[in-house]
Amino acid sequence: MKSKPLEKVPPKLKSLYELAKKSRKRSYSPYSGHQVGAAIRTSGGKLYGGCNVENSSYGATICAERVAIQKAISEGPLRIAEVMVVTDSTPPWPPCGMCRQVIAEFGPDALLYTANLKGQMESFQLSEIFSQAFTPAHLRKKK
Ligand code: THU
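Mapped onto the working numbering, the consecutive letters of the sequence shown carry residue numbers 1 to 143.
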């Protein structure tokens, strides 16, 4: 894990942060009160944002990361290079287990960034926080 204040990050990363922060403003989170924004960068350089969308049937809630990924995938096949998650929390929130699983499907080598509104940022390799992942390759293996 690496920690960096946001003012020291390169402009390309700053734009990923800005998209996640902007997406966070659209969060529908009347139950938890936690607004989460996410943004992904594909290996082709496209950016997609998402926010958490909660539901009165709590289990139907979807996290910001998966909203961003599903928006992206619905536009065509891709590989996830980077994922940014922005909350108003200290320390910043890392992706939940279900999101890690979904990121692993489309970006096993993804670099994750977690940041907050104060401008604190941490980064991880997905493999660092989600080792021994169950992947599409396991389904292809014959007994
Ligand atoms: N949440 C996310 O959007 N991403 C995560 O990785 C962690 C949790 C959302 C789901 C729910 O709306 C709220 O945060 C509290 O769990």
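Ideal Cβ positions, reconstructed from N, Cα and C, are used throughout, including at glycine. What you are looking at is a predicted structure, and each value in this text was computed from that prediction instead of being measured.
Member of the options whose CA lies at the smallest distance from the CA of residue i
{"i": "Val102", "options": "Pro136, Pro92, Val53, Leu6", "result": "Pro136"}
{"i": "Arg24", "options": "Ala64, Asn55, Gly76, Lys141", "result": "Ala64"}
{"i": "Ala72", "options": "Gly119, Leu47, Lys8", "result": "Leu47"}
{"i": "Gly50", "options": "Gln125, Ser57, His34, Ser27", "result": "Ser27"}
Any non-hydrogen atom of the ligand THU within 6 Å of residue i CB
{"i": "Ala72", "result": "no"}
{"i": "Pro95", "result": "yes"}
{"i": "Ser32", "result": "yes"}
{"i": "Thr61", "result": "yes"}
{"i": "Val102", "result": "no"}
{"i": "Glu75", "result": "no"}
{"i": "Glu54", "result": "yes"}
{"i": "Ala64", "result": "yes"}
{"i": "Val36", "result": "yes"}
Per DSSP, cross-strand counterpart(s) of residue i
{"i": "Arg41", "result": "Leu47, Glu82"}
{"i": "Leu112", "result": "Val83, Phe124"}
{"i": "Ile62", "result": "Val53"}
{"i": "Tyr28", "result": "Val53"}
- Contact between the segment 79-89 and the segment 99-116: three or more CB pairs below 8 Å? yes
- Touch test, the segment 4-11 against the segment 118-131, Cβ-Cβ under 8 Å, three pairs minimum: In short, these stretches touch, since the Cβ pair count reaches three.
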